[in-house]
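Below is one structure, written out as structure tokens, with a few remarks after it.
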Amino acid sequence: MSTIVEDIKNLSVSERIELVEDIWNSIAEEPRFSPALSAEEREELHRRYTAHQADSSTGIPWSRVHAKIFSGTQG
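So the sequence shown is numbered by numbering that gives the first Met the number 0: it starts at 0 and just counts up by one.
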């Protein structure tokens, strides 16, 4: 396996990111990958979804989330 790791280290950063995305997508496509949610987690997701459906202003646009993540700020 060390040969594979060395090969990966020789890839450019963008190629490694693409590889990680491909690996992640292949994992997400596995039917057994779906993590089981507890009843409380399902209820909370349903509550949040219902609240958002009632008032979409409670959501944050992806562009703002993305900017916040990549700006390095916490607030």
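From the three backbone atoms N, C-alpha and C, an ideal C-beta is built for every residue, glycine too. From a predicted model like this one, the values you see are computed outputs, not experimental measurements.
Using only the alpha-carbon positions, how far apart do Leu44 and Gly71 sit? Taking the sequence shown and counting its residues from 1, one reaches residue 44 at position 45. Taking the sequence shown and counting its residues from 1, one reaches residue 71 at position 72. The straight-line gap from Cα to Cα measures roughly 27 Å.
By DSSP, does Ser25 sit in helix, in strand, or in coil? On the sequence shown, position 26 is the one that residue 25 refers to. Note: Ser25 maps to helix in three-state DSSP.
Could you pull the start and end residues of the alpha helix (DSSP H) that Thr49 belongs to? The residue given as residue 49 occupies position 50 in the sequence shown. Note, Thr49: alpha helix (DSSP H), Ala38 to Ala53.
Let me know the secondary structure DSSP gives Pro60 once reduced to three states. Translated into the one-based positions of the sequence shown, residue 60 becomes position 61. Coil at Pro60, not helix or strand.
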